[in-house]
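Peer 1: After the structure tokens below, expect a handful of questions from me.
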Amino acid sequence: MTKLEYIWDTIPNKRKRTLPHVLERHAFMCALRHLGYTTVEIAEITGFDHSTVVYASKMHEQNKTDKRYYFHYERFYNAINSRTALNQVEDDIRLLFKKRKAIKERLQNKF
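If you're matching positions, the sequence shown starts at -2 in our numbering and goes up one per residue.
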């Protein structure tokens, strides 16, 4: 299970059509969309059609006026963005270690 799937699993009542549940699902989809995920990737995570993700994206501006929606959007955006930033730092550290190892091997082969 990926981190995004884990966050998606924290959302209860994924199939209810009442407003609070719809707003929470749409906030999750829009947060992913604004972080650069494609509609197809989001659809795979959520289990909805990609057209649902497109609809959620179109409704984002209208939904931002609702405090409940904005609360969930900010919560998901910050949670996903912080994890993405943390993954980037980990990748940078791995790259530095690889470069360091390559330099060390070149120096050992020289002498």
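Glycine included, C-beta positions come from ideal geometry on N, C-alpha and C. This structure is a prediction, so every number in the text was calculated from the model and none was measured.
1) With DSSP as the reference, label arginine 65 as helix, strand or coil.
2) Excluding the five sequence neighbours on either side, which residues of its own chain have a C-beta within less than 7 Å of the C-beta of lysine 0, listed in chain order?
3) Can you list, in chain order, the residues of its chain whose CB lies under 6 Å from that of arginine 30, leaving out five sequence neighbours each side?
4) Straight-line CA distance for tyrosine 34 to asparagine 75?
5) Less than 8 Å between the beta carbons of valine 37 and histidine 23, yes or no?
6) Would you call glutamate 58 buried or exposed, if buried means 16 or more other Cβ atoms sit within 10 Å of its Cβ?
Peer 2: Checking against the coordinates, here is how it stands:
1) helix
2) Arg80
3) Ser54
4) 15 Å
5) no
6) exposed
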